[in-house]
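Working notes, beginning with the structure itself.
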Amino acid sequence: MEASLTPCPHCGKTNRVPANAAGRPRCGNCRGGLPWIVAAGDADFSIVAEQSPVPVLVDFWAEWCGPCRMVSPVLDKLAREREGAVKLVKVDVDKNPGLSRRFDVQAIPTLMVIVDGKVAARQAGAAPAEVLRTWLDGALAGTRR
Numbered sequence: 017m018e019a020s021l022t023p024c025p026h027c028g029k030t031n032r033v034p035a036n037a038a039g040r041p042r043c044g045n046c047r048g049g050l051p052w053i054v055a056a057g058d059a060d061f062s063i064v065a066e067q068s069p070v071p072v073l074v075d076f077w078a079e080w081c082g083p084c085r086m087v088s089p090v091l092d093k094l095a096r097e098r099e100g101a102v103k104l105v106k107v108d109v110d111k112n113p114g115l116s117r118r119f120d121v122q123a124i125p126t127l128m129v130i131v132d133g134k135v136a137a138r139q140a141g142a143a144p145a146e147v148l149r150t151w152l153d154g155a156l157a158g159t160r161r
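Under my numbering, think of the first position of the sequence shown as 17, with each following residue one higher.
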């Protein structure tokens, strides 16, 4: 499992954010919430996504996919807007065929929201930013405790 380097949106300090952690990531300098954006694969998906303490937005994508490249910055922005409340997990379908089969990914990008290890929402194909925001917020609202 790799950690990502994430700049704090509050103070600008770069933080090392682990792919898997027990709590929500916080800045080591100012203690503000950090966006949680990581990659996962066949070997670590269960730990990184299904055992996450916060809801997970999974992005099944490929480097060669034009629509995936259009959606990726929107997903990054959504994760930054929901710092600490959602983890964005990116899965490269070419490098992780086991996950693609397991979740029956037929088209990319395919997006899923996982809460407590279970798929709470799923959407295939690229959509405009507002549609993705509404879809994500609806999926998260349906899972609030």
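No residue lacks a Cβ here, since even glycine has one placed at the ideal position from N, Cα and C.
Nearest-angstrom Cβ-Cβ length linking residue i and residue j, presumed shorter than 8 Å
i	j	result
residue 115	residue 107	6 Å
residue 121	residue 109	6 Å
residue 155	residue 140	14 Å between Cβ atoms; not a contact.
residue 90	residue 145	5 Å
Spatially closest choice to residue i from the options, by CA coordinates
i	options	result
residue 149	102, 111, 118, 123	102
residue 48	135, 96, 20	96
residue 142	83, 105, 44	83
residue 29	117, 60, 45, 92	45
residue 135	25, 62, 21	62
residue 86	125, 157, 18, 43	125
residue 43	57, 58, 59, 25	25
residue 117	57, 19, 81	57
Identified DSSP bridge partners for residue i
i	result
residue 53	104
residue 75	106, 127
residue 42	49
residue 64	Residue 64 is not bridged to any residue.
residue 36	Paired residues: none, contrary to the question.
residue 83	None, per the DSSP bridge assignment.
Query raised in the report: Are the stretch 21-41 and the stretch 63-83 in contact at 8 Å, needing three or more beta carbon pairs?
Result: yes
Query - Segments of 4+ residues assigned as alpha helix (DSSP H) that fall wholly inside the stretch 112-154 - result: 113-118
Query raised in the report: Pairing CB atoms from the stretch 49-68 with CB atoms from the stretch 21-37, are three or more of them under 8 Å?
Result: yes
Report task. Mind the definition here: the stretch 128-143 touches the stretch 71-88 only if three or more C-beta pairs lie below 8 Å; say whether that holds. Result -> yes
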